[in-house]
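*Asks:* In our numbering, the protein residues as written are 83 to 181.
The beta carbon of each residue, even a glycine, is placed where N, CA and C say it ideally should be.
These figures come from a predicted structure and were not determined experimentally.
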Amino acid sequence: MNYTQTHIYQMTPNELKDFLLKDVRQTLKEFYEMNKTAKPENEELLTVQETMDLLKCSKQALHNWRKNGILPSYRMGNRVYYKKSEIYSKLIKQESHDE
83 MNYTQTHIYQ MTPNELKDFL LKDVRQTLKE FYEMNKTAKP ENEELLTVQE TMDLLKCSKQ
143 ALHNWRKNGI LPSYRMGNRV YYKKSEIYSK LIKQESHDE
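1) Roughly how many angstroms lie between the CA atoms of residue 133 and residue 105, to the nearest whole one?
2) Could you give the distance in angstroms between the alpha-carbon of residue 166 and the alpha-carbon of residue 156?
3) Pull up the DSSP beta-bridge partners for residue 157, would you.
4) For the alpha helix (DSSP H) holding residue 133, just list the boundary residues, first then last.
5) So is residue 170 buried or exposed if we call it buried at 16+ other beta carbons inside 10 Å?
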């Protein structure tokens, strides 16, 4: 992380805001790019019960989300699994839509 010294006494409030936003955006972009390229070798699969515990939801809600395509699921034999990374990804997207 690079640190630079900035004298804010010579800045207007709007200039300070723009300066801070630029730095925050750059840091978030670097973080996003770093995490986008880092793919786990072994994707952690969660059972229905583990997913319900993680999301603190009912089995019916989980079924509805799967049926409506909100939360993708994977079948192995007669069992249903969910990818933990996709659950977190959906939660992050949902938070950004709430703002």
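*Replies:* Quick answer:
1) As a first step, residue 133 is located in the sequence shown; it is residue number 51 there, counting from the start. As a first step, residue 105 is located in the sequence shown; it is residue number 23 there, counting from the start. Rounded to the nearest angstrom, the two C-alpha atoms are 36 Å apart.
2) For the purposes of this step, residue 166 is identified with residue 84 of the sequence shown, where counting begins at 1. For the purposes of this step, residue 156 is identified with residue 74 of the sequence shown, where counting begins at 1. Between residue 166 and residue 156, the C-alpha separation is close to 12 Å.
3) Here residue 157 corresponds to residue number 75 of the sequence shown, with the count starting at 1. For residue 157, which the question treats as bridged, DSSP gives the partners 162.
4) Here residue 133 is taken as the residue at index 51 of the sequence shown, counted from 1. Here the alpha helix (DSSP H) through residue 133 covers 130-137.
5) Walking along the sequence shown from the start, residue 170 turns up at place 88. Residue 170 is exposed by the Cβ-count criterion.
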